[in-house]
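Going down the list, the protein sequences come from chains A and B. Using the working numbering, the letters of the first sequence map in sequence onto residues 3 to 482. Using the working numbering, the letters of the second sequence map in sequence onto residues 64 to 193.
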Amino acid sequence: MSKNNQKRAVFGKIGAIKTLNDGYPIINPDTSDSINNKFGEARKKKQEALDFVTDVIKKIAGYKAITDGVVNLLTTELDNIEVIVKQALKTDLKKYISCGTNPSIPDFMKHQTILPGQPGIDMKLKSIDFTGMMFIDPNSDTGNMIYNDSSAGLNSSDFNTFLFSAVQDTNQQDWKDILSLDFDPNTATINLRASAKYSNPANGKSLIDLNNDYLDSVKLFNTDKILSNIIDSIFGTISASVLKSVSGLEKEEEVNNIITNLINSEDGVIIDNSFFEFDTNDKIRQRQSVTDRKNGITKLATCGNVESTVSLETLTTVVNDILNSTTTSEKRDSVIKGIGTMGTELSTNVDDVDKPSVKLGFIDTIIEKLTLSITNIVLTPKVVLLLAMNYAIINNGTQSSDLDIIQFIKDNKVLFKSIIDSIKNKIIDYLLSLALKEISKLISEQIIAKQTEKALAAKTQLLSLVGIPQDILRLISKLG
Amino acid sequence: MDISKVLDIITTAFKIPDAPLSPLPPPLIYSGGQLRPGLSTRNIAARIISRQSEAGAPVGALPDGSKNIAEAMEVIRIEEIINALLTEGKVEVVIPPGVQISAVGIGNLGAPVISQGATTNFGIGQGIIR
């Protein structure tokens, strides 16, 4: 059976069961987006599994269930996603650098107090910070939406915040006694070494230990930062506020499209150059997206290209509400309230009759952008620095590592595909478990109804055999 | 996780094993069966038409006074189904060996005897409609 027919069969079963359980049918499988792929030309490929599972949840339990699922992914499930991503990074880095052996930290990157005269690894700041994050002050309004623990400076628990402060300072700085870095403002170059502790042979630390311990020391994902990234990728709220350059936005757009191609590809597929190439239509769409993000808007194609936005003030309020939440329950409530507030704002210019579908479409867009935004957080300096360090060790030795992020992704496509697949599959797994939970509720209602139907049928048949009149039998069977 | 695997998992979730029916008591089938009036096309069609309003379908003539074609179709549909059941339907019944009999015969000093007998209990079998 073709995939589309299988999908139709699933929606047909859902429709039949809901008809029998609740009343008369409202589900038409042919209107399902995941069957008809009604996502417009911009989505040539699609996240087929994610779209289908989302559709199943919506058809059975409505948008409330899928919204709750998204809120859970952004709150309670985020730590699980982080564990999976870190594990994927550790496993893939180990394969990348060692082919099974346990390599030691190379002499050229040992700390000067342990092995003097070694050059360390030089890397241009812009090569590990392709989005220009380090130009934004963590203590600013927009900084609060990009950095974690943004006011703690060099003592921050967040590596990106630490790095911002480190590059303002010409002294050597240590990250949690794992890595040491010096910043030369004249060349905008970071010189990176292992800390004295990891450089000392007496401590028996290998390069794998350094990679793993570093990954354990950084917090990757926070609810408010992922939500901010999603909003910025749709509306350019932050990009417009910090006046990002056109070239910077173009680079981001290109990277986002490459990541989207990797997300939309199936597991195990060979990544060739076509994932990194764009035709004329793609380039036109990218340019339009850059223009819109620079202006802090998006255009709702289904509403006559009406301009839609989420303001910096609204996003700041949402982020602060989440940051001020002390319990998981409060955080969930803040996210639900934030999504509602942003949904109302973005539908301001839309006709009243279209407002509900625009707000629901916003939920769909958040789901669509979730894997991309989580991957974008991975592509911030706190992880790219580690990948660049290992890249330099394997490829360049002590020479300067001057990365182009796109070439870097291309050269490490297997690593990136593995990270992206781990994020995507975790999200699909979670939503699939929600779908199965809703299906099992539906099925258990059906089982009860069928058993009741069988018992009633047996009873009425027995009674019919002892001469009970038809009208009494119909009353017992509850037939009109 | 690709779409094929997701489809397989979700499709499997809809599979519900159905337990076979418990048989009805044979004496009841025997005695009750004789009271059955048989299928009536008119009765069935009338009940369906009378319940149409439960589904929101209009009952009787349409607002412009024209004939309710759906009702007419319903009568045709039931006529054809019942006709097929009555004139073309077939029930094949299998009664397995082992029905008890009681026989009486005249003995003939060890030689084989001819007996006459009758079943002493209901034969219970399974039938399917074709």
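For each residue, glycine too, the CB sits at the ideal point set by N, CA and C.
Worksheet entry | Contact list for S67 of chain A against chain B, beta-carbon separation under 8 Å | Here residue 67 of chain A corresponds to residue number 65 of the first sequence, with the count starting at 1. In the sequence under discussion, the amino acid at residue 67 of chain A is Ala, which differs from the Ser named in the question. Here the premise fails: no neighbours, minimum Cβ distance about 15 Å.
Worksheet item: Comparing the C-beta of I430 of chain A with each C-beta of chain B, is any distance below 8 Å?
Response: Taking the first residue of the first sequence as 1, we reach residue 430 of chain A at position 428. It does: the Cβ of I430 of chain A has a partner Cβ on chain B nearer than 8 Å.
Discussion item. Is the separation between the beta-carbon of G170 of chain B and that of V468 of chain A shorter than 8 Å?
Written reply: By one-based count along the second sequence, residue 170 of chain B stands at place 107. By one-based count along the first sequence, residue 468 of chain A stands at place 466. No, these two residues do not count as a Cβ contact at 8 Å.
Discussion item. Counting only Cβ pairs nearer than 8 Å, list the residues of chain A close to V69 of chain B.
Written reply: Residue 69 of chain B sits at position 6 when you count from the first residue of the second sequence. Going along chain A in sequence order, the residues near V69 of chain B (Cβ under 8 Å) are A51, F54, V55, I430 and L434.
Fill in: Inter-residue spacing [alpha-carbon to alpha-carbon] between G134 of chain A and D215 of chain A
Counting from 1 along the first sequence, the entry for residue 134 of chain A is found at position 132. Counting from 1 along the first sequence, the entry for residue 215 of chain A is found at position 213. Whole-angstrom Cα-Cα distance: 26 Å.
Worksheet item: So, is F166 of chain A buried or exposed, given that buried needs 16 or more other C-beta atoms within 10 angstroms?
Response: As a working note, residue 166 of chain A is residue 164 in the first sequence. Under this definition F166 of chain A is a buried residue.
Worksheet item: Do you know offhand how far K296 of chain A's Cα is from K253 of chain A's?
Response: The residue you call residue 296 of chain A lines up with position 294 of the first sequence. The residue you call residue 253 of chain A lines up with position 251 of the first sequence. Approximately 13 Å, taken between the alpha carbons.
Worksheet item: At what residues does the beta strand (DSSP E) containing T182 of chain B begin and finish?
Response: The sequence position of residue 182 of chain B within the second sequence is 119, counting from 1. Where T182 of chain B is concerned, the enclosing beta strand (DSSP E) stretches over S178 to T182.
Fill in: Contacts around A108 of chain B, its chain only, beta-carbon distance under 7 Å, and the 5 residues preceding and following it disregarded
Translated into the one-based positions of the second sequence, residue 108 of chain B becomes position 45. Around A108 of chain B: E137, V138 and I141.
Fill in: Any chain B beta carbon closer than 8 Å to G469 of chain A
Taking the first residue of the first sequence as 1, we reach residue 469 of chain A at position 467. So yes, G469 of chain A belongs to the interface.
Worksheet item: Under the three-state reduction of DSSP, which class applies to R195 of chain A: helix, strand or coil?
Response: Within the first sequence, the letter at position 193 stands for residue 195 of chain A. In the structure shown, R195 of chain A sits in a strand (DSSP, three-state: E or B).
Discussion item. Under 8 Å, Cβ to Cβ, is there at least one residue of chain B near D269 of chain A?
Written reply: Sequence index remark: in the first sequence, residue 269 of chain A carries index 267 (1-based). Yes, D269 of chain A lies at the interface with chain B (some Cβ there is under 8 Å from its Cβ).
Worksheet item: If you count every other CB in all the chains shown that lies within 10 Å of the CB of A451 of chain A, and 16 or more means buried, which is it?
Response: To locate residue 451 of chain A, count along the first sequence from 1; it is residue 449. Exposed is the call here.
Practice prompt. Using a threshold of 8 Å, state whether the C-beta atoms of D284 of chain A and N259 of chain A are closer than that.
Written response: Translated into the one-based positions of the first sequence, residue 284 of chain A becomes position 282. Translated into the one-based positions of the first sequence, residue 259 of chain A becomes position 257. In this structure, N259 of chain A lies closer than 8 Å to D284 of chain A by Cβ.
Item to complete: Put P79 of chain A into one of helix, strand or coil per three-state DSSP.
Response: Counting from 1 along the first sequence, the entry for residue 79 of chain A is found at position 77. Contrary to the premise, residue 79 of chain A reads as Glu rather than Pro in this sequence. DSSP places E79 of chain A in coil when its eight states are reduced to three.
Worksheet entry | chain A residues whose Cβ lies nearer than 9 Å to that of G180 of chain B | In the second sequence, the residue the question calls residue 180 of chain B occupies position 117. The contacting residues do not exist; G180 of chain B stays about 29 Å from chain A at best.
Worksheet item: Taking 8 Å as the CB-CB limit, is M64 of chain B close to chain A?
Response: On the second sequence, residue 64 of chain B is found 1 positions in, with the first residue counted as 1. Closer than 8 Å: yes.
Item to complete: Please name the residue in A:P105, A:I368, A:D94 and A:S446 whose C-alpha comes closest to that of K78 of chain B.
Response: The residue labelled residue 78 of chain B in the question sits at position 15 within the second sequence. Selected option, being the one with the closest Cα: A:S446.
Worksheet item: Going by C-alpha distance, which of A:K97, A:D94 and A:K227 is nearest D160 of chain A?
Response: The count along the first sequence starts at 1 and reaches residue 160 of chain A at position 158. Checked all of A:K97, A:D94 and A:K227; the closest Cα to D160 of chain A is A:K227.
Discussion item. Out of A:I396, A:E268 and A:K20, which one is the CA nearest neighbour of S106 of chain A?
Written reply: Residue numbering aside, residue 106 of chain A sits at position 104 when the first sequence is read from its first letter. The option with the nearest alpha carbon to S106 of chain A is A:I396.
Discussion item. Please report the distance separating the alpha-carbon of V308 of chain A from that of D294 of chain A.
Written reply: Here residue 308 of chain A refers to the residue found at position 306 of the first sequence. Here residue 294 of chain A refers to the residue found at position 292 of the first sequence. Whole-angstrom Cα-Cα distance: 12 Å.
Discussion item. Does the CB of I73 of chain B have a neighbour CB from chain A at under 8 Å?
Written reply: In the second sequence, residue 73 of chain B corresponds to position 10, counting from 1. Chain A contact via Cβ: present.
Worksheet item: To which residues does DSSP link K126 of chain A through a beta bridge?
Response: On the first sequence, residue 126 of chain A is found 124 positions in, with the first residue counted as 1. Per DSSP, A:T191.
Practice prompt. Could you work out which residues of chain B lie near L438 of chain A, taking near to mean beta carbons separated by less than 9 Å?
Written response: Taking the first sequence and counting its residues from 1, the one referred to as residue 438 of chain A is at position 436. What L438 of chain A touches in chain B: I72, I73 and A76.
Worksheet entry | Close-in-space but distant-in-sequence residues of the same chain around I164 of chain B (CB under 7 Å, 5 per side omitted) | As a working note, residue 164 of chain B is residue 101 in the second sequence. Contacts found: G180, A181, T182 and T183.
Worksheet entry | For Q472 of chain A, the first and last residue of its enclosing beta strand (DSSP E) | Along the first sequence, one-based indexing puts residue 472 of chain A at 470. Element bounds for Q472 of chain A: not the beta strand (DSSP E) but the alpha helix (DSSP H), Q472 to I478.
Worksheet item: Are the C-beta of V416 of chain A and some C-beta of chain B separated by less than 8 Å?
Response: The residue labelled residue 416 of chain A in the question sits at position 414 within the first sequence. So, not an interface residue.
Discussion item. Taking 8 Å as the threshold (C-beta atoms), are L348 of chain A and V337 of chain A in contact?
Written reply: Residue numbering aside, residue 337 of chain A sits at position 335 when the first sequence is read from its first letter. Residue numbering aside, residue 348 of chain A sits at position 346 when the first sequence is read from its first letter. Not a contact, by the Cβ cut-off of 8 Å.
Discussion item. Under DSSP, the beta strand (DSSP E) around V248 of chain A begins and ends at which residues?
Written reply: One-based indexing of the first sequence puts residue 248 of chain A at position 246. Segment V248 to N266 is the alpha helix (DSSP H) holding V248 of chain A; no beta strand (DSSP E) there.
Practice prompt. Answer with buried or exposed for N150 of chain A, where buried requires no fewer than 16 other C-beta atoms within 10 angstroms of its C-beta.
Written response: Taking the first sequence and counting its residues from 1, one reaches residue 150 of chain A at position 148. Buried is the call here.
Fill in: Within 8 Å, strictly: CB atoms of T191 of chain A and M111 of chain A
Numbered from 1 along the first sequence, position 189 holds the residue referred to as residue 191 of chain A. Numbered from 1 along the first sequence, position 109 holds the residue referred to as residue 111 of chain A. Contact flag unset, no.
Discussion item. By the three-class DSSP mapping on this structure, what secondary structure does I79 of chain B have?
Written reply: In the second sequence, counting from the first residue as 1, residue 79 of chain B sits at position 16. In this structure, I79 of chain B counts as coil in the three-state DSSP scheme.
Discussion item. Measuring only the C-alpha atoms, how far is S219 of chain A from V72 of chain A?
Written reply: For the purposes of this step, residue 219 of chain A is identified with residue 217 of the first sequence, where counting begins at 1. For the purposes of this step, residue 72 of chain A is identified with residue 70 of the first sequence, where counting begins at 1. The alpha-carbon atoms of S219 of chain A and V72 of chain A are separated by roughly 27 Å.
Worksheet item: Between which two residues does the beta strand (DSSP E) carrying Q175 of chain A extend?
Response: Against the first sequence, residue 175 of chain A aligns to sequence position 173. Looking at the DSSP string, the run of the beta strand (DSSP E) that includes Q175 of chain A is Q175 to W177.
Item to complete: Would you mind reading off the limits of the beta strand (DSSP E) that contains G521 of chain A?
Response: The structure shown does not extend to residue 521 of chain A, since chain A spans only 3 to 482, so no value can be given for it.
Fill in: Contacting residues, own chain, Cβ-Cβ under 6 Å from I111 of chain B (five flanking each side not counted)
As a working mapping, residue 111 of chain B is identified with position 48 in the second sequence. So the qualifying residues of the chain are E137.
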